[in-house]
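Novice: If you use the working numbering, the sequence shown corresponds to residues 30 to 163, in order. Beta carbons: idealized from backbone N, C-alpha and C, even for Gly. As the structure is a computational prediction, the values presented were derived from the model and not from experiment. Please find one structure pasted underneath; my questions will follow.
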Amino acid sequence: MSGRSTASLPSAGVLAIQIMFINNDGAGFADHIEIADGTTVEQLFAARIPHGHPQDYLIRVNRQPTTADYVLQSGDRVSITPTKIEGAACTSLQLPGRPLHTPATVPQETADSDVPPITKGSAWEPANGSTACT
């Protein structure tokens with residue numbers, strides 16, 4: 030076997046082009062696939078991720094954001110990555126001995142004597158201003 034996918038092979042009589050397709054939605058390795066000449070990013074998405082909604086994915090061609098009507102060219106590298114992981118939830122970090130959502134400063138008389146007060150920021154501060162939960 031050549032290692033190339035024929036699942037999206039165009040019908041007879043239609044010119045085919047080959048692209049690199051990277052599906053980061055849990056569908057395995059990147060693969061070279063053949064598609065019909067003139068296929069748009071939107072058409073490829075609908076064929077490869079029929080259960081998905083484009084707004085839930087980061088879609089790039091040659092590592093750059095793209096438009097739905099971009100016509101794929103031979104040799105293009107297409108990646109489709111979900112922006113949300115199914116089942117993932119945004120939860121707050123709770124430290125042992127501290128209530129959830131501790132204020133920025135806890136007066137010593139109200140804090141647990143074994144646990145020093147939080148004097149700066151929250152119990153968890155994201156690095157570089159980014160967060161995993163939006």
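Could you tell me which uninterrupted beta strand (DSSP E) segments, each at least 3 residues in length, are contained entirely in the segment 37-85, listed from first to last along the chain?
Specialist: With a minimum length of 3 residues, the continuous beta strand (DSSP E) runs that stay inside the segment 37-85 are 45-52 and 60-65.
Novice: Mind checking whether residue 69 and residue 90 have CB atoms under 7 Å apart?
Specialist: Position 40 of the sequence shown, counted from the start, is the residue given in the question as residue 69. Position 61 of the sequence shown, counted from the start, is the residue given in the question as residue 90. Taking 7 Å as the Cβ cut-off, residue 69 and residue 90 do not qualify as a contacting pair.
Novice: What are the partner residues of residue 108, as DSSP defines its beta bridges?
Specialist: Within the sequence shown, the letter at position 79 stands for residue 108. 51 and 89.
Novice: May I have the straight-line CA-CA distance separating residue 98 from residue 67, to the nearest angstrom?
Specialist: Position 69 of the sequence shown, counting from 1, holds the residue named residue 98. Position 38 of the sequence shown, counting from 1, holds the residue named residue 67. Each residue's Cα considered, the two are about 10 Å apart.
Novice: Which residues in the same chain as residue 79 place their Cβ atom closer than 6 Å to its Cβ, once the five residues preceding and following it in sequence are excluded?
Specialist: Taking the sequence shown and counting its residues from 1, the one referred to as residue 79 is at position 50. Closer than 6 Å at the Cβ level, and outside the excluded window around residue 79, lies no residue.
Novice: So, at 7 Å on beta carbons, what are the nonlocal neighbours of residue 158 in its own chain, with the 5 sequence-adjacent residues on each side left out?
Specialist: For the purposes of this step, residue 158 is taken as the residue at position 129 of the sequence shown. In this prediction, residue 158 has a pLDDT of 49, which is less than 50 and means its spatial position is unreliable; what the coordinates show is noted afterwards. So no residue of the chain qualifies.
Novice: Tell whether a beta-carbon distance below 7 Å holds between residue 51 and residue 59.
Specialist: Position 22 of the sequence shown, counted from the first residue, corresponds to residue 51. Position 30 of the sequence shown, counted from the first residue, corresponds to residue 59. Yes, Cβ-Cβ distance for residue 51 and residue 59 is below 7 Å.
Novice: Would residue 43 and residue 75 be called neighbours here (beta carbons separated by less than 7 Å)?
Specialist: Here residue 43 is taken as the residue at index 14 of the sequence shown, counted from 1. Here residue 75 is taken as the residue at index 46 of the sequence shown, counted from 1. It is not a contact, given that the beta carbons lie outside the stated cut-off.
Novice: Pull up the CB-CB distance for residue 109 and residue 86, whole angstroms please, since I reckon it's below 8 Å.
Specialist: The residue labelled residue 109 in the question sits at position 80 within the sequence shown. The residue labelled residue 86 in the question sits at position 57 within the sequence shown. Between residue 86 and residue 109 the Cβ distance is about 5 Å, and since that is below 8 Å, they are a contact.
Novice: When the distance is taken between beta carbons, is residue 49 closer than 7 Å to residue 106?
Specialist: Looking up residue 106 in the sequence shown gives position 77. Looking up residue 49 in the sequence shown gives position 20. For residue 106 and residue 49, yes; Cβs fall inside 7 Å.
Novice: Please find out if some non-hydrogen atom of the ligand COA comes closer than 6 Å to the beta-carbon of residue 67.
Specialist: Although the ligand COA was asked about, the structure shown includes no ligands whatsoever.
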